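2 protein chains.
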Amino acid sequence: MDTTQRTDQQRSADRRRRELLEAADRVVLRDGPQASMNAIAAEAGITKPILYRHFGDKGGLYAALAKRHTDALLASLRAALDAPAERRERVESTLDTYLAAIEARPQVYRFLMHPAEGGQGGDQGFDVGKHSAPLLRRMGEELAQVIEERVDLGPGSQQLARVWGHGIVGMMHAAGDWWLGERPCSRAELVRSLADLLWGRLAAAGDRMGGPGF
Amino acid sequence: MDTTQRTDQQRSADRRRRELLEAADRVVLRDGPQASMNAIAAEAGITKPILYRHFGDKGGLYAALAKRHTDALLASLRAALDAPAERRERVESTLDTYLAAIEARPQVYRFLMHPAEGGQGGDQGFDVGKHSAPLLRRMGEELAQVIEERVDLGPGSQQLARVWGHGIVGMMHAAGDWWLGERPCSRAELVRSLADLLWGRLAAAGDRMGGPGF
DNA sequence: GTACGGTGTTACTAGCGGTAACAAGAGTCT
DNA sequence: AGACTCTTGTTACCGCTAGTAACACCGTAC
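So the sequences go chain by chain: P and R. Everything in the first sequence is counted per UniProt numbering, starting at 1 for the first residue and increasing by one. Everything in the second sequence is counted per UniProt numbering, starting at 1 for the first residue and increasing by one.
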């Protein structure tokens, strides 16, 4: 009686929540990250207070929205990361997966990473500053875990793996961001270049002028 | 007559501008990145429209503010980057310079990188999203130029250098951000770990379980 | 019937970025 | 002297935002 009622209501609420998130998604993808709560509510065919009842505040809505995309992206990355292949191949495949994702849906990516970039109007966009870090952090921790599991780094391996995880994710992120804006080369070339960097080609290359003393 | 007059006025305007920027700096460092134009104007002892006459809009003020810090940081980095030392030493020194800077003035750093992170109030903070990229971009391009000048990368070196420049800067940034938040190790250890990563230790390390086939 | 929990609305607050309109001082030209 | 202009400063406003309070409706349980 009470239980079935409750579950029914809960289900209904969950479905509604999903609908609202999808509406928010549409608006954000259309209007850019500075989409207002009013606009999202209108797109969902309702008014603001309902949105606030479901998500608390704008940050809550954003967090829910970001979690969806982040989870999806992380799942893809995990697949590439855990593939039964050689390390170099796995690294390249992971890089490529990430870059393909941001290439395929740049607006989603920009929304997750850069709060209010597009649009000429006011700048009260989503306060993604508080949340973009968590995305990068999650990716960094995930990668760190995989590194620690699969690579033999000797003593201090856990700490080293975490540094590397966050570092590599940052490299991927920044390079991808720059590449997405300028498109100076193909995705494959970018992947190769980054993998080369991780493979120590910087250390292996010779100096261009004079000796190391100058 | 006209010229001296003009230069006088220009000088006065420049001085005023600098005063305003210093006031803005104080407010941003005190109130966090969500400092309002009103608050900055009040700190400077004036009212909003003057601020707008000097900087156009909030983005302009932020850009001016960011340029000061960015220029200072870039100058330090250039010094470390151009030092007459071996490559590994130069890399470590540059990493350390950057990390020391963000360690010494985390509030400035957070302001430059993360728009509205602190504070519990409204989220109409500085719209740094539009401008944090430029900082990373500038660092990336700078590093790319140094790499291209000093490292012999064979054909396609320019493009490779740019990819690496942005990638390394991103690595430094993300790792530094994470490190600043968690402080899991000393600065020196972090520097060493990152340099090791760039030196190909990831590629050189052995697998932990099974062969590369699993 | 009536009380109730959920869904929805309208109407509002407080604060933001940004601007128009106006006032006052200082130097300049006639 | 008086009018003209330029800079510096103000007050008062606009339109927008996030977020909230208060009220209305509707199906169900007793």
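Here a beta-carbon is modelled for each residue, glycine too, at the ideal position from N, C-alpha and C. Bear in mind that the values here come from a model prediction, so they are computed numbers and not experimental data.
Residues near residue i by beta carbon distance below 8 Å, same chain, minus five either side
{"i": "Ala195 (chain R)", "result": "Arg88, Val91, Glu92 and Leu95"}
{"i": "Gly206 (chain R)", "result": "none"}
{"i": "Leu74 (chain P)", "result": "Arg138, Met139 and Glu142"}
{"i": "Thr97 (chain P)", "result": "Ser76, Leu77, Ala79 and Ala80"}
Which residues DSSP lists as bridging residue i, in chain order
{"i": "Asp152 (chain R)", "result": "P:Gly206"}
Per-residue contacts from residue i into chain R (C-beta, under 8 Å)
{"i": "Met171 (chain P)", "result": "Gly167, Ile168, Gly170, Met171 and Ala174"}
{"i": "Ala203 (chain P)", "result": "Arg87, Arg88, Leu198, Trp199 and Gly200"}
Beta-carbon proximity list for residue i, same chain, < 6 Å, skipping 5 on both sides
{"i": "Leu99 (chain R)", "result": "Gly176 and Arg187"}
{"i": "Lys130 (chain P)", "result": "Interpretation of Lys130 (chain P) is limited by its pLDDT of 49, a score under 50 that renders its predicted location unreliable; no figure is taken from the coordinates."}
{"i": "Ala35 (chain R)", "result": "Val27 and Val28"}
{"i": "Leu153 (chain R)", "result": "Leu160"}
{"i": "Pro155 (chain P)", "result": "none"}
Buried or exposed (CB count within 10 angstroms, at least 16 for buried), residue i
{"i": "Gly167 (chain R)", "result": "buried"}
{"i": "Arg15 (chain P)", "result": "exposed"}
{"i": "Ser12 (chain R)", "result": "exposed"}
{"i": "residue 216 (chain R)", "result": "Nothing about residue 216 (chain R) can be reported from this structure: the residues present for chain R run from 1 to 214 only."}
{"i": "Asp123 (chain P)", "result": "Unreliable placement is indicated for Asp123 (chain P), whose pLDDT of 37 sits below 50; the coordinate value is still reported in the next sentence. By the neighbour-count rule (16 or more Cβ atoms within 10 Å), Asp123 (chain P) is buried."}
{"i": "Arg183 (chain P)", "result": "exposed"}
{"i": "Gly121 (chain R)", "result": "At Gly121 (chain R) the pLDDT is 30, less than 50, meaning the model places this residue with poor confidence; the figure from the coordinates comes in the next sentence. Flag for Gly121 (chain R) reads exposed."}
{"i": "Glu148 (chain R)", "result": "buried"}
{"i": "Ala204 (chain R)", "result": "exposed"}
{"i": "Arg30 (chain R)", "result": "exposed"}
{"i": "Ala144 (chain P)", "result": "buried"}
{"i": "Ala41 (chain P)", "result": "buried"}
{"i": "Arg162 (chain R)", "result": "buried"}
Contact set between residue i and chain R, taken where Cβ atoms lie within less than 7 Å
{"i": "Pro184 (chain P)", "result": "Gln159 and Arg162"}
{"i": "Leu190 (chain P)", "result": "Val163"}
{"i": "Leu194 (chain P)", "result": "Val163 and Gly167"}
Contacts of residue i in chain P (Cβ-Cβ under 9 Å)
{"i": "Leu61 (chain R)", "result": "Under the 9 Å cutoff, chain P gives no residues; its nearest Cβ is about 12 Å from Leu61 (chain R)."}
{"i": "Gly140 (chain R)", "result": "Ala174, Ala175 and Trp178"}
Same chain, Cβ closer than 7 Å to residue i, neighbours up to 5 away in sequence not counted
{"i": "His69 (chain R)", "result": "Val108 and Leu112"}
{"i": "His173 (chain P)", "result": "Leu136"}
{"i": "Glu43 (chain P)", "result": "Ala23, Arg26 and Val27"}
{"i": "Leu51 (chain R)", "result": "Leu20, Met37, Ile40, Ala41 and Leu61"}
{"i": "Ser157 (chain R)", "result": "Glu148"}
Proximal chain P residues relative to residue i, where beta-carbon distance stays under 8 Å
{"i": "Asp207 (chain R)", "result": "Arg87, Arg150, Val151 and Asp152"}
7 Å Cβ cut-off: residues of chain P touching residue i
{"i": "Leu136 (chain R)", "result": "Ala174"}
Next on the checklist: Does the region 156-167 of chain P come into contact with the region 134-152 of chain R, if we say contact requires no fewer than three beta-carbon pairs (one atom in each stretch) closer than 8 Å?
Outcome noted: no
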